[in-house]
Every structure is written in C-alpha cells, then in structure tokens.
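Asks: Would you mind keeping the following structure in view while I ask a few things?
Below is the structure:
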C-alpha cells in the first residue's frame, strides 16, 4: 500500500494500534497520510463506520472525504481486475469524517435530553446570539458604554472554550467588566435554555458535559468508534481535547496529526500543550515525524528552519526540501508600514515596466486588513491598479 508514500508517511499510515502522534511539518503531505491511513484500516478488515476522522473546517472534511472515496474506488477497481475485492461497494458503510462541531451536533441530536434540553434543539447563529446578549445586558441594567454585546459574546466564547459555565466564570473575574460579563453570561445561559437553543461553542461544551456526567451515554459512543483520528491537533482547545480523550479512553486507538510550529490560534483558546504533552498522557505513544516538504524551495526552508529554531517550546523537527533550488528570499528593513507599501508598489511598477509581467500577475499578502498598504495602494505617485 505504498502508492508513492515516503518512508515516514508509510510509517504513519501503518502505525494503527494505540496512540500515534504524527508531527507533520508544513507541506509534508499530512492529508495524504490521513487518507491513506483510513483506507489502510479498512483494508485491514476494520469496518468503515468504526473509523472517525475529525478536522476543523467543512472544506478540510470535504476534501478528506473526497480523497478517501477516490482512493477506495481506485483500489477497488484495481482489485476487481485481479478478481479480488476490498469489500467496499457503493452504498456500503463509510468512515465518519467531519468537523468537531458536526460530530457534536450528531451526538447531541441523539442525547441532549440527558442535559435537560428537548430533542429538537435550535443552534443560534451570530444574529440570534447578539439578540440574546443585548437582552442579557439589559436584564442586569448594564449600559452599552460599559459592555457591548459583541464584547460580552467574546468573553462568553473564551469562557466556554475553557469549559467554564457562568457560575465557574464568575470565580475567575479580575475587574468590574468581567464581573458584569459573568452576570450577563448567566442571563444569556438562561435565555438560551428557555428557548431550547445552543450556540456554536455550546455544541462542544454540551458534548463534553454529556460525556462527563452521563457515563452510559459516553460508553455508547465509545463503542461506535474503534479508531479515532484528529487533524490539526495543535489547534484543539481544552474542550475538544477532553471530548476526544473521553471517546478513546477504552481502546486508546488515537492518531493525532499536527505541527506545534504552526500553532497560531492560542488567542481563541487553542492549547499547544495538547500536542507538546501528548506522550505524557500516552506514555507508549508512537511518534512519527514528517519532515519532507513538497511545497517550498530549499532557500525558503532554510530560512524557516532557522527562524523557528528560536522557539523555546517546540518538538524538534527540521523540514527538508523535496524540490530543487530556486531564488533566495529577500529580507528588507523598512522604516514604517507606509514606506513598506510604497516600496512594494515601486517594485511592482518596475516589474510591469519590463513588459514581462502584468499587474494581475502580482499578489500582495497583508497580515491584517488594517495594514496601511490596504488603503494606500491606489494613491500616490506609485499607485497600482487592483482587482
């Protein structure tokens, strides 16, 4: 089942028993590894519906499903030509591949009554949440100058990502604004419960509470999945960590794929410790490093490896290029963001003036929409047309 996998990728695919940590550097083919691992399990006789793969976005889940189905079809066609069969046929059970939130919706649709909700609950969108937040603030007579609905929702989201309900959140307050937010959080919770509604963060938190407080429900869901895989594990928060840990507590067949060097979501509750301390929770874990990069030229990787090496808390890994050499990156020191934007515009103009490029051949990436270059690119002597 090599199918063009490199040795490290093949090791990750074939390590199926117990806990497995796949440290997948940027551009190292992690989605390919997850896809092949699912198919490998099925070919080993594991029933597809016993396999769970969880990721963060609908796009990633859709891509994973399409790749898995395509690979299974190719293998099945090849086996049919040889007079064999993989056992995978149209209409047969499929592995469960979804986002965290979709998985939790599915669980809650079956068992949310155990938490005191009615079965046909509503999931509030942002507009619904803002309405509930405004009412909660009015109920505690909080002026909008002290706390806006959007600020309240931001605080509630942070608390929920730490698995804190209103009462527990009230014990963590550090200032008057936090105190008001905790009081409003309680009103917000009561309003949603009365409406038989949950918000997006509740999907995770309610599932964690369901597993924690109802062992019979947890046991039933543990029996559903014999193999669990999690993509982008460095982006998981405390609640997601506890949901997954609960699901695999019986069999321990957990494969997580991620890269602590790509952990950028700490501001919204992601815990890099989940990946850094994985083998502390699972002492017998198999660790596989995917270090061959298929995306970047050697010059880019040399710079990236040099910079990331300064991180004090990281798992050791060094990306190696699969591609040949290219142009070295240029590093420029500019006085401020306005001068930076002006310099970039001049470089583009000079490139277009050679006749080898058109303006639409050029892309500019900004870290934030507030970057001065976003507003200044169509003004001044070096202005460039944009689309």
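Residue numbers (the working numbering): 1 to 387.
Cβ atoms here follow ideal geometry from the backbone N, Cα and C, with glycine treated the same way.
(1) Alpha carbon to alpha carbon, how far is residue 173 from residue 142? Give it in angstroms, no decimals.
(2) Cα separation between residue 379 and residue 331?
(3) Classify residue 311 as helix, strand or coil using the three-state DSSP reduction.
(4) Could you tell me which uninterrupted beta strand (DSSP E) segments, each at least 3 residues in length, are contained entirely in the segment 61-134, listed from first to last along the chain?
(5) Among residues of its own chain, excluding the 5 on either side of residue 123, which ones have a beta-carbon nearer than 8 Å to its beta-carbon?
(6) Check each candidate in 251, 134 and 276 and name the one with the smallest Cα separation from residue 151.
(7) Can we say the segment 262-275 touches the segment 233-251, given the rule of at least three CB pairs closer than 8 Å?
(8) If I measure Cβ to Cβ from residue 29 and keep anything under 7 Å in the same chain, skipping five residues before and after, which residues do I get?
(9) From residue 364 to residue 301, what does the alpha carbon distance come to, in whole angstroms?
(10) Going by DSSP, which residues form a beta bridge with residue 4?
(11) Output the distance between the C-alpha atoms of residue 140 and residue 33, rounded to the nearest integer angstrom.
(12) State the DSSP-derived secondary structure class of residue 266, mapped to helix, strand or coil.
(13) Which residues does DSSP pair with residue 292 in a beta bridge?
(14) As an exercise, report each continuous beta strand (DSSP E) stretch of at least 3 residues that is fully enclosed by the segment 214-242, in chain order.
(15) In the DSSP assignment, find the alpha helix (DSSP H) that holds residue 26 and state where it starts and stops.
(16) Indicate the three-state DSSP secondary structure (helix, strand or coil) for residue 19 in the structure shown.
(17) Are the C-beta of residue 118 and some C-beta of chain B separated by less than 9 Å?
(18) Assign residue 36 to one of two classes, buried (16 or more other C-beta atoms within 10 Å of its C-beta) or exposed (fewer than that).
(19) Between residue 255 and residue 22, which are expected to be in contact by the criterion C-beta below 8 Å, what is the C-beta distance as a whole number of angstroms?
(20) Take every Cβ of the segment 305-325, pair it with every Cβ of the segment 276-292, and state whether three or more of those distances are shorter than 8 Å.
(21) Across the segment 218-230 and the segment 36-48, are there enough close Cβ pairs to call them in contact, namely three or more that are closer than 8 Å?
(22) Check each candidate in 292, 233 and 282 and name the one with the smallest Cα separation from residue 54.
(23) Hey, could you find the ends of the beta strand (DSSP E) residue 55 is sitting in?
(24) Terminal residues of the continuous beta strand (DSSP E) containing residue 254?
(25) Could you check what DSSP says for residue 385 in three-state terms: helix, strand or coil?
(26) Where do the N-terminal and C-terminal ends of the alpha helix (DSSP H) with residue 352 fall, by residue?
(27) Does DSSP put residue 363 in a helix, a strand or coil?
Replies: Reading it off the structure:
(1) 16 Å
(2) In this predicted model, residue 379 has a pLDDT of only 49, less than 50, meaning its place in the structure is not dependable enough to derive any value.
(3) coil
(4) 96-99
(5) 105, 197, 198, 199, 200 and 203
(6) 134
(7) yes
(8) 9, 290 and 294
(9) 21 Å
(10) Per DSSP, none; premise fails for residue 4.
(11) 52 Å
(12) helix
(13) 320
(14) 227-230
(15) From DSSP, residue 26 is part of no alpha helix (DSSP H); its letter is neither H nor E.
(16) coil
(17) Given the protein chain composition of this structure (a single chain), no chain B is represented.
(18) buried
(19) 7 Å
(20) yes
(21) yes
(22) 233
(23) 51-55
(24) 254-258
(25) coil
(26) 337-353
(27) coil
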